[in-house]
Structure formats: structure tokens, C-alpha cells
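Visitor: Below: one structure in C-alpha cells.
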Amino acid sequence: MNIDLKTIKHISKLSRISVDGQKAEKLASDLNSIFEFIEKLNELNTDNVDPLTSVAETTLKFRSDEVKSKNIREQIIKNSPEDNEDFFVVPKVIE
Amino acid sequence: MSDITSLSLTKLVKNIKEKKLSSEDVTKAFIARSEKSKELNSYITEDFSNAIDKAKKFDEKPNLNLKLPGIPVAVKDLFCTKDIRTTAGSKILENFIPTYESTVTQNIWDAGAILLGKLNCDEFAMGSSNETSFFGNVLNPIDKGLVPGGSSGGSAAAVSGQLTPITIGTDTGGSIRQPASFTGTVGLKPTYGSCSRYGIVAFASSLDQAGPMSQNVEDCALLQEVISSYDIKDSTSIDFKRNEYSKELTKNIKGKKIGIPKEYRVEGMPKEIEELWKKGIEYAKDCGAEIIDISLPHTSYALPAYYIVAPAEASSNLARYDGVKYGFRAKGENLIDMYEKTRSQGFGDEVQRRIMIGTYVLSSGYYDAYYLKAQKVRKLIKNDFDEAYKKVDAILTPSTPSSAFKIGEKKNDPVSMYLNDIFTVPVNLAGLPAISIPAGHDAAGHPLGLQIIGKAFKEQEILNLAYAMEDKISFKNKITDWWIK
Amino acid sequence: MSKDNSEYLIERYDNIYEVVIGLEVHAQVTSSSKLFSSASTKFGAEPNTQVSLVDAAFPGMLPVINEYCVKQAIKTGIGLRAKINKRSVFDRKNYFYADLPQGYQISQFKFPIVGEGTVILDMENGPKEVGIERLHLEQDAGKSIHDMDPQNTLVDLNRSGVALMEIVSKPDMRTPDEVSAYVKKLRSIMRYLGTCDGNMQEGSLRADVNISVRIKGSDVLGTRCEIKNVNSIKFMQMAIDYEANRQVDLIEEGKTIDQETRLFDTKKNETRSMRSKEDAHDYRYFPDPDLLPLEVTDEFIEKLKADIPELPDDKKKRFIDQFKVSPYEATILVSDIDTAKYFEEVVAKMGKNQDMKLAVNWITGELFAVLNNKNLEISQSPISAKNLAKLINLIKNGTISGKIAKTIFELMMDGDQDPQKIVEEKGLKQQSDPKALEALIDKIINDNREKAIEYKQGKEKLFGFFVGQAMKASSGKANPQLINEILKKKL
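Residue numbers (the numbering used here), protein chains in the order written: chain A, 1 to 95; chain B, 1 to 485; chain C, 1 to 491.
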């Protein structure tokens, strides 16, 4: 396993975290040592093992179709970084 | 009463119920000690004046039937508290004020408790030393130079340093048990689905679980009784019969079968830990338990699997911190630039590192090799426990492979930091309950913990075992109050 | 290009291309609250007033599934004759966008709730089967508004978290007409089931159109392009026409087609590459750890099956059998559930002496014209089924002529009036008394003796003149059949 700078760039783009030169190198070195340790899993043959996604031994519980959450716009908008009473505001997006 | 803050929760409740102490007395005592303990950096946000008002209000019309009547409690800053800033130890939520309350904290207030403030933790609970917090590291009351453990480091320090009688933490890979072990306190990670995750800032949804932290097992049982509830607002909450843990607590563990897994005897483990474990086995025998050697063959794969599963879930859970709806936003030339700067400046190094790992293991071409593989290993680890529980009622292990390490010691070496969770992580992957109790000291006088792992939903069983062993161990924390001038 | 509607081929020199089309239809589930939150789904509310803490992805908020939405998806699956999966899984589709507050959409990737099914299209040249690949449940995103503020994009999360069914067809369609018929049929089925209102203006039904071309007769699929989010049937057809020709041109020029996502520009009538989405997409799907697998029992499914109403295909068969209407007429009558309901009510109210031909003609002729004109749904018809049935009966029993009926029909629209009353009040009853009509005709012949002679000498065209005079003299009320008979006798 070798995570190069190109891979770092790619995952930084996917995760929307900007990574400059120095930081990228540090990340690459950290991730390489972490993955070296993770690679231990390859010792195990798991061909006939079912994946376990949740340990909760129950099935999905249903909610009834009732409108309970009313208009809480003020609460929803209150913490947003840009002042606007009605909307969330982001830098202009050009489609 | 001069020494209010040294009283256990159970004693405080008794005193309040017998009207020997008022809620105001107790609240003011903990606030006074907290005020003198700023150096520990346990708190991120204090809510002291509100707490005194609430205590006075409680005393006017005290409802003494409640389980936590007028008891002041500080909580980990990962629980959303209505109208009180909740940061998750991160710059990205530095000024976030929830308009809602987590189910677990609501349960505590409903039981009569009063919020003291919000306790420091590793950023988004990602860390084992409390050094990743945006609000600075927490000092271990045991010794100035030591980390308190993490991620519930502020919580552990606050209980150990007697800034709060009890607290709650969250445990994704050991974040309650490891700091409990490092600070000479008791910490329980309940069965996955026992405590609602509603309103807790998510780290890794399939592993996160809230739990009690306290000075002794009795207090722990009482707090667990209060916080555990079935919650329809959390789809992974489980509807099972919850015991009245404190009432049903017993030291009679005669004939209980306790498993000793050979795989926990890891290479390079300090002798002190080995000896502690042996002592633990003797204590258990003294209590009338039967000791059985068992094997959990996939133990050594738990940590690598955990470092795939937890970052994968985290990378997605933390996508909502994008500078749009709440929290920190950096200026950007366009939407994408804003996202990238916000997340790069808003998250600390460890959080960024884990988001990157998570993004990578889920990305196209790597999913099967990493994420799916880890899920399969998770199944094997759960199978190990299922197998073991055919023979035993509980499993006894050390809580951590070492005592509290020095501040800065592992900060720049992520893998050695991760290795600290080697004994706690398998429990989260299997969704089991486990408790850490203080069981002795190393040569330097730093506390060491033992972990008792139970069957799913059998919190009562491990609380009883811990209660019985606690009695035999009769641990005394060596705290000098060095930080109080 | 072929003129025959049943074939849609593109010819260039010696090459004849056919077009292969598959659709991903996004249908909004009819429900009061959202898929994973209890906020309202009502259309047209003030911005951000129907947003819960879950919809805006506040820290620690968790999804809890709406049972009704699950039932709606299963019902739709039954309507599509599809396999219902008793176990399905919700996954997270991860990407960043301003109107996607969680940073991921909860969808179903590997294990959808509904598997393979079929839809039958009633094409002019016979039925055509289109395969359904799958149907899955997912969350809708919010809305980004780019034109309200010069510097910023504004985000409204009212739609965020509303339940959608994504219905994926197999690439079984070959013509724009089939696409139109397919969307109409899906819409019809869902409206019968009450699972989606099918309102395209409000965005309740949108489609991504997958198009590729190949030499006719080839069985290899060409490289496809996906045209995103087309919200009207007309635009789908236009987009297909443009895109298919674009692809053929590229092939003819010896160029390759890039597999890509395109956008249909309704103003320029062209498709173009979506540059903003060009970032190589990697959605990093994984099972949502906040949700457990969705499991339903046979009993749960059977209960829903018992609730399924008669669907268009069955209704069509029954209409043909029971009412002896033609397959073509039946197709029109069942295409919309409210039309079918209206028709059946008219039939019921006509009583014993039913005339299906008249009923069909009046509904699909006069009534449809009026509704079309006034832009009304049949459920909002100004004339009730009961009164239309009465009108048809008045024609059938000879009380009024067809021509008078049209006048009465106009009058009925004003407040859904009873045609019987109009006939009585306005004295519009048909004159069918032979004696009175004979007297009337005698007078006309008398008054126009010269023309009568011309007619008798062979100028047969003049017959119409006499009919006209008779109708005029009777203010249109004379029974035209009787007039004809009497005139023939007298002249």
C-alpha cells in the first residue's frame, strides 16, 4: 500500500478539505503508517463471512405519517453564518 | 459539611433526601471547587449561575422521590443541551447553540439533576488523550504531566478531581473506559442500543454509545438506571427490559463464570498490567466466581477493523459541517472553495486525518478491500464473543495496555495512540456492555483499571461483578489536589 | 426520419439508427410528512417553514422512517407487477451540495425495496411491454435559488427529506412516443394507487432520460448519455430527439460519444454537458448506520395487496367486456382514474336504457373539449356525471335532438343545472307529433311551391332547404328523423 500525493489530492477533493503541499505530505506519511497497520486484515480469509453492519439485534421501527414538526424556521436559521431571515445563504453557484 | 465534593453520588442523594443537605449547598460546593480547578481545563462551557438558580428553585419545592434530586452534573460537550453552547470540542461548532436537548441529558434533568456545564473532550470524540480538543488539553488530576485519557477526558478529570459528582461520556472505541482507567474512576459503556443517541454529536453511528462515569460502582449503576431508555427518535435504540440497576445491585456473584481471554496478553504489555490482571482474577475467585480460560481468536484484528469502520462512518457523519446551516464558515470565492476552507480551518488535524481515512476506504475501488472486509472481520469478532458466552457469564481483561501516558508523548504518532484502545475496541465492534473499574496502581502510583465485559443487555451482571470486586480491591485514588492553590 | 409513429429511426446515408431509451423516474410519494422526519410535505409553503431539525441535519439528529411511505412504495411495486423485497437496505450516497444538508442522501443502492416488474404500454399498433429494473425509496434534496440575489445562492430546505420513489426502467423504449406513453402509464398507475399525484408542474414527477443509439438490428448497446431532471413529457420528447440526432452525428463523423450527464436547455432546445458536475463522481455508498435494514413480512405485503384497487389494464379489459366499448375508447377512458370513475358514474346514472356510444362520445368529445378549454381536471368538471347521464337519456328517448343537446350542454355548465329543467323552462322539447309536423311541412311546401316543383323535377339538393325551413319554423325542436320522413312523403 502506498498512498501518494495524487491520492491525497483526490480524497481531499472528495471530502472537501483543502490540503496544501506541506499538509499533504504529512497526511500521506500518516495515512501510510495507518494503512500499514490496517493491512493486517489481509491475513484473514473472509470469503465466506457475512458482513456485519449493525449490532443492534432488531429491525427498523416505523413512525406513523403525522406532521409533528411545525414551522421552526427561526430556530433552523438562527445558527446560520449569514444573516437572512428566510434562507440559508451560500456563495453564488453557477450551474 | 465541609467535604461535600468528596461524597459519592449515593451519599449526596441520601443527604438531600434526608434534608441534611440542600441542592444549593451541593451545587455551590461543586461550583466552588470547579472555580478553583480551572487549571485542569475540564470545562469548555460553565453554566454556574443558572445552576445555582435551578438549585434554589429545586430547594423551594424539592421533589425527593426523584433519583437525582437537585444533584449538579456536568456533562461531556458532545451532548446537545438546549440553549447551552455545544461544541464537540471543535472550532467548527465553537459558537453552536442547540435549540434541542439530547435524550440522555433530558433523562438526567427529568430525574432532578441540574446542569453545571459542558466538559472538554477530544474533537468529535476522536482521540485517546483529550489532546485533539480545540479548547486545549485537559490535565489529569492524578499528575499534572499526564493526559486524562480520551475522548471523555474532561469528564474523567472532572469526576476524579471532584468537580462533578458524576458525569456522562460517550464511548466509540473506549472513550469512557480508557479515561476512567487513567483517572482511577468507574466508567460503563452500555450495550449498543441501551442509551439513545438522539442529540449526541455523532462520531461513528454503529459504535457510539453514551454511558455513566462515577467514583464508584453504586453511583454508576444509579446513573445508568437514569440514562438508559428506549427512544423512538433513535432507530437503533432497543426496546428491552431495563433493570433498576442500583436497586438490584448485589455483591453476591457466587458461581458466576468469568472468562480470561488469552489473546489479551499482548506483546510488550507492562508487567504491572499483567500483575494487575492476575490480582483481578484472584479477587474474582475470592468473590466466589469461577475462572475459565477462553479464546477470542480475532482480537488482534479488532483495532485495524475499527480504524476502517469508525473513520468511514465519521467521514459521512461529519459531512454536515459544511459552513452552510450552522457553525464556523470560512470565506470562499465560490461554494466549493467555501467548503474546502471551512472544513480545512474548522476541523483539527486528527479529525481531518480520520475523514481522509474514511473517505479513502469507502471510495470507488477500495470499498470491498477495506470497508466490506472490516464489516466481515467485525462479524468474526462478534462470533468470538458469542462463542465465549456459551461458556462464561462475563470476561475479565485489563482496561488499557498502560497507565496514563505523558502529555505530548503520542501526539505525533497516530498509530501508537490508536494502540491504546486495543482492549476496549473489540467491545464496541460487538456492541457489548463493559465496565472499567480502578483496580490498582503502577509503580509511579498512577491508577490502572480492569475491564469486565458482559453479554448484550446484561449490564446488571457486570455491575454486580464490579460491585463485588470493588469491595475486595478497596481502591483509593491518590489525588493531592495539586492544582488547587 | 421515419414518418410512421410506430417506428422512430434516424437515417444518415446508408445507415439506419435506432434509439434506445431507458428512464429513471423520480416520483414524489404522496404522504403528509417526510420520509425520515415529521415535517410537512405540502407544496408551495413559505421557504424553510417545513424543515425539521432532522431535515436541516442538525448535530445529533437521527432519521426515523415513515411507515406510510414504505407502504406506498410497496403498493407501487405491486402496481408495476414487480417483486417486493422483504428485506431492503438504506444507504448513504455521499456528495456535497448546498441543498443537501446532511452531505449525503439516504437512498437504497444494493438492496432496493422493489425489484423487477413490467409496465404495458397501449400503443396504436398494439401493446408494448417495458421492463422495470427496480424501484427504491430515497430523500429529495432542497432547492437552490440562483436568481434572487446577485451575489449569493439561497437555499430553501422545504423539499429536503421528502420521500421519492426512483423507478428505473430497462432500456426497452425505442421512440419518443413510447416514452410519452410510458410516463403517462406510470403516472396513471400511481394515481390509481394514490401513491403519487403525478403533478409535473409541481415537480412531483421528474425523469432522468438515458439515451443511446445503434445501427438498427444490432444487439449491442451504444454509449449512453443521461439527461438529468426533465420535468415534462414534451421536453423529454424534445430532448430525446435532439440527443439522438447529436449522437448519430457524432458517430457519422467518426467521433466517440462520452458517457456523461447532460442537461436539457428548454430555451435553446438542446442538451449540453453539465460541467458543474464534471468532478468524477464517487458517491461512496455504504449502509446508513443510523438505520437498520427495512424488513417487511408476507402478511404486511398481503394486506397491502388486498387494498390495491382495480388498475388501468384490468379496468380496460372490464370496460371492453362489460360496456362493449372499443379497445381504443377503453384506453382513453381508463387512462386517468377520475375519467374512469366519471364514465362509470354516467353509466350507472343512465339507468336501464344505456347508450354507451353516446356516453363515450359525450365524455371524450364535448366534455373533454370544455375541460381542455377551461384547463380543468375531470374531477373539477362543471357538469356532474349525474346530469350528463340525464342529458344522454333525453337524447336517447327522443326528448331532444342531438343539436338541441349541445345547446342544453352549454347551459348546464352554469352551476351544473339539471338538463330536464332546462328543457322544460326553455321549451326545448323535441316536436315529435306527426300531425303537427305534417301541418308545419304542408305550410312550408305551400309557401315555397316553385322550389317544390324544382325538387320534383330532379333538383334533389333542395331537400336540405326544406329540412332547414322546417327546423327553423320549429325553432330547431322538430324531430329531424320525422321531418325527413314526412318531407319525402309529401314532396
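Glycine included, C-beta positions come from ideal geometry on N, C-alpha and C.
If we require 4 or more residues per run, which alpha helix (DSSP H) segments fall completely within the region 238-280 of chain C?
Guide: none
Visitor: Among Val179/C, Ile320/C, Leu157/C and Pro59/C, which has the Cα closest to the Cα of Asp140/C?
Guide: As a working mapping, residue 140/C is identified with position 140 in the third sequence. Ranking Val179/C, Ile320/C, Leu157/C and Pro59/C by Cα distance to Asp140/C puts Leu157/C first.
Visitor: Among Leu78/B, Ile238/B and Gln215/B, whose alpha-carbon lies nearest the alpha-carbon of Leu93/B?
Guide: Within the second sequence, residue 93/B is the residue found at index 93, counting from 1. Of Leu78/B, Ile238/B and Gln215/B, the residue nearest in Cα terms is Leu78/B.
Visitor: How about the region 209-217 of chain B and the region 466-478 of chain B: do they share at least three Cβ pairs that are nearer than 8 Å?
Guide: yes
Visitor: Looking only at its chain, what residues have a beta carbon closer than 8 Å to the beta carbon of Phe423/B, apart from the 5 residues adjacent to it on each side?
Guide: In the second sequence, residue 423/B corresponds to position 423, counting from 1. For Phe423/B, where only same-chain residues beyond five positions count, the Cβ hits under 8 Å are Gly174, Tyr264, Thr397, Pro398, Ser399, Thr400, Pro401 and Gln451.
Visitor: Return the first residue and the last residue of the alpha helix (DSSP H) that Phe475/B is part of.
Guide: Along the second sequence, read from residue 1 onward, the residue named residue 475/B stands at position 475. Bounds of any alpha helix (DSSP H) do not take in Phe475/B, whose DSSP letter is neither H nor E.
Visitor: Taking only beta carbons into account, state which residues of the region 363-375 of chain B come closer than 8 Å to chain A, listed in chain order.
Guide: Ser363, Tyr370, Leu372, Lys373, Ala374 and Gln375
Visitor: Roughly how many angstroms separate the alpha carbons of Glu278/C and Tyr306/B, rounded to a whole number?
Guide: Translated into positions along the third sequence, residue 278/C becomes position 278. Translated into positions along the second sequence, residue 306/B becomes position 306. Interpretation of Glu278/C is limited by its pLDDT of 46, a score under 50 that renders its predicted location unreliable; no figure is taken from the coordinates.
Visitor: When you compare the CB positions of Gly285/C and Leu207/B, do they come within less than 9 Å of one another, or not?
Guide: Within the third sequence, the letter at position 285 stands for residue 285/C. Within the second sequence, the letter at position 207 stands for residue 207/B. According to the sequence provided, residue 285/C is Tyr. The question's Gly does not apply to it. Taking 9 Å as the cut-off, the beta carbon of Tyr285/C is found no closer than this to the beta carbon of Leu207/B.
Visitor: Which residue marks the beginning of the alpha helix (DSSP H) containing Tyr68/C, and which one marks its end?
Guide: On the third sequence, position 68 is the one that residue 68/C refers to. Taken as a continuous stretch (DSSP letters only), the alpha helix (DSSP H) holding Tyr68/C covers Glu67 to Gly79.
Visitor: Return helix, strand or coil for Ile453/B, following the three-state DSSP convention.
Guide: Start at 1 with the first residue of the second sequence, and residue 453/B comes out as number 453. Three-state DSSP puts Ile453/B in a strand.
Visitor: Where does Ile395/C fall in DSSP's three states?
Guide: Along the third sequence, read from residue 1 onward, the residue named residue 395/C stands at position 395. Three-state DSSP puts Ile395/C in a helix.
Visitor: Below 8 Å, can you find three or more Cβ-Cβ pairs linking the region 73-87 of chain B to the region 116-128 of chain B?
Guide: Because the criterion of three Cβ pairs below 8 Å is met, the region 73-87 of chain B and the region 116-128 of chain B touch.
Visitor: Strictly below 7 Å CB to CB, what residues from chain A border Gln151/C?
Guide: Start at 1 with the first residue of the third sequence, and residue 151/C comes out as number 151. Near Gln151/C (Cβ distances below 7 Å), the residues of chain A are Lys92.
Visitor: Strictly under 9 Å for the Cβ-Cβ distance: is Gln100/A near chain B by that measure?
Guide: This structure cannot speak to residue 100/A, because chain A is shown only from 1 to 95.
Visitor: If I measure Cβ to Cβ from Lys83/C and keep anything under 8 Å in the same chain, skipping five residues before and after, which residues do I get?
Guide: Numbered from its first residue, the third sequence carries residue 83/C at position 83. The residues are Gly77, Val114, Gly115, Glu116 and Gly117.
Visitor: Applying a beta-carbon distance threshold of less than 9 Å, which residues of chain A neighbour Leu335/B?
Guide: The residue labelled residue 335/B in the question sits at position 335 within the second sequence. Per Cβ cutoff of 9 Å: Val90, Pro91, Lys92 and Val93.
Visitor: Between Arg353/B and chain A, is the shortest Cβ-Cβ distance under 9 Å, so that the two count as touching?
Guide: As a first step, residue 353/B must be located in the second sequence, where it is residue number 353. For Arg353/B, the answer is yes, since a Cβ of chain A falls inside 9 Å of its Cβ.
Visitor: If you count every other CB in all the chains shown that lies within 10 Å of the CB of Gly149/B, and 16 or more means buried, which is it?
Guide: In the second sequence, counting from the first residue as 1, residue 149/B sits at position 149. Buried, by the Cβ-count rule.
Visitor: So with Cβ pairs under 9 Å, would you call Phe111/C a contact of chain A?
Guide: Taking the first residue of the third sequence as position 1, residue 111/C is located at position 111. So, not an interface residue.
Visitor: Under the rule that 16 or more other beta-carbon atoms within 10 Å means buried, what is Pro176/C, buried or exposed?
Guide: For the purposes of this step, residue 176/C is identified with residue 176 of the third sequence, where counting begins at 1. In summary, Pro176/C is buried, with 16 or more beta-carbon neighbours lying within 10 Å of its beta-carbon over all protein chains present.
Visitor: I'd like the ranges of any beta strand (DSSP E) spanning at least 3 consecutive residues and lying wholly in the region 147-208 of chain C.
Guide: Runs found: 152-156 and 163-169.
Visitor: Does the beta carbon of Cys69/C sit closer than 9 Å to a beta carbon anywhere in chain A?
Guide: Position 69 of the third sequence, counting from 1, holds the residue named residue 69/C. Taking Cβ atoms only, chain A reaches closer than 9 Å to Cys69/C, which makes this a yes.
Visitor: Interface residues of chain A around Phe124/B at Cβ under 8 Å?
Guide: Position 124 of the second sequence, counted from the start, is the residue given in the question as residue 124/B. Those do not exist, as Phe124/B stays about 14 Å from chain A at its closest Cβ, beyond 8 Å.
Visitor: Find the nearest neighbour of Ser80/A within the set Pro72/B, Gly70/B and Asn95/B, judged by alpha-carbon distance.
Guide: For the purposes of this step, residue 80/A is taken as residue 80 along the first sequence, with counting starting at 1. The option with the nearest alpha carbon to Ser80/A is Asn95/B.
Visitor: Quick check: is the beta carbon of Asn94/C nearer than 9 Å to any beta carbon in chain B?
Guide: For the purposes of this step, residue 94/C is taken as residue 94 along the third sequence, with counting starting at 1. With 9 Å as the cut-off, Asn94/C counts as an interface residue toward chain B.
Visitor: According to DSSP, is Tyr515/C helix, strand or coil?
Guide: The structure shown does not extend to residue 515/C, since chain C is modelled only from 1 through 491, so no value can be given for it.
Visitor: State yes or no: is the beta carbon of Ser69/A nearer than 9 Å to at least one beta carbon in chain B?
Guide: In the first sequence, counting from the first residue as 1, residue 69/A sits at position 69. It does not: the Cβ of Ser69/A has no partner Cβ on chain B nearer than 9 Å.
Visitor: Which first and last residues belong to the beta strand (DSSP E) in which Leu188/B is found?
Guide: Position 188 of the second sequence, counted from the start, is the residue given in the question as residue 188/B. Val186 to Lys189 is the span of the beta strand (DSSP E), which, as asked, contains Leu188/B.
Visitor: Classify Asp4/A as buried or exposed, calling it buried when 16 or more other Cβ atoms lie within 10 Å of its own Cβ.
Guide: Against the first sequence, residue 4/A aligns to sequence position 4. Looking at its Cβ environment, which holds fewer than 16 other Cβ atoms inside 10 Å, Asp4/A is exposed.
Visitor: Any beta-carbon of chain C closer than 9 Å to the one on Glu82/A?
Guide: By one-based count along the first sequence, residue 82/A stands at place 82. So, interface residue.
Visitor: Hey, Ile211/C and Val19/C are a contact pair by Cβ (cut 8 Å); roughly how many whole angstroms apart?
Guide: Start at 1 with the first residue of the third sequence, and residue 211/C comes out as number 211. Start at 1 with the first residue of the third sequence, and residue 19/C comes out as number 19. Between Val19/C and Ile211/C the Cβ distance is about 6 Å, and since that is below 8 Å, they are a contact.
Visitor: Is any non-hydrogen atom of the ligand FAD found closer than 8 Å to the C-beta of Arg449/C, if you look at the structure I gave you?
Guide: Although the ligand FAD was asked about, the structure shown includes no ligands whatsoever.
Visitor: Could you tell me the distance, in whole angstroms, from the CA atom of Leu9/B to the CA atom of Ile114/B?
Guide: In the second sequence, the residue the question calls residue 9/B occupies position 9. In the second sequence, the residue the question calls residue 114/B occupies position 114. Their backbone Cα atoms lie some 13 Å apart in a straight line.
Visitor: For the region 38-54 of chain C, which residues have a CB atom closer than 8 Å to at least one CB atom of chain B, in sequence order?
Guide: Leu53
Visitor: Between Ser384/C and Asn479/C, what straight-line distance do the alpha-carbon atoms span, to the nearest angstrom?
Guide: By one-based count along the third sequence, residue 384/C stands at place 384. By one-based count along the third sequence, residue 479/C stands at place 479. Here the alpha carbon of Ser384/C sits roughly 27 Å from the alpha carbon of Asn479/C.
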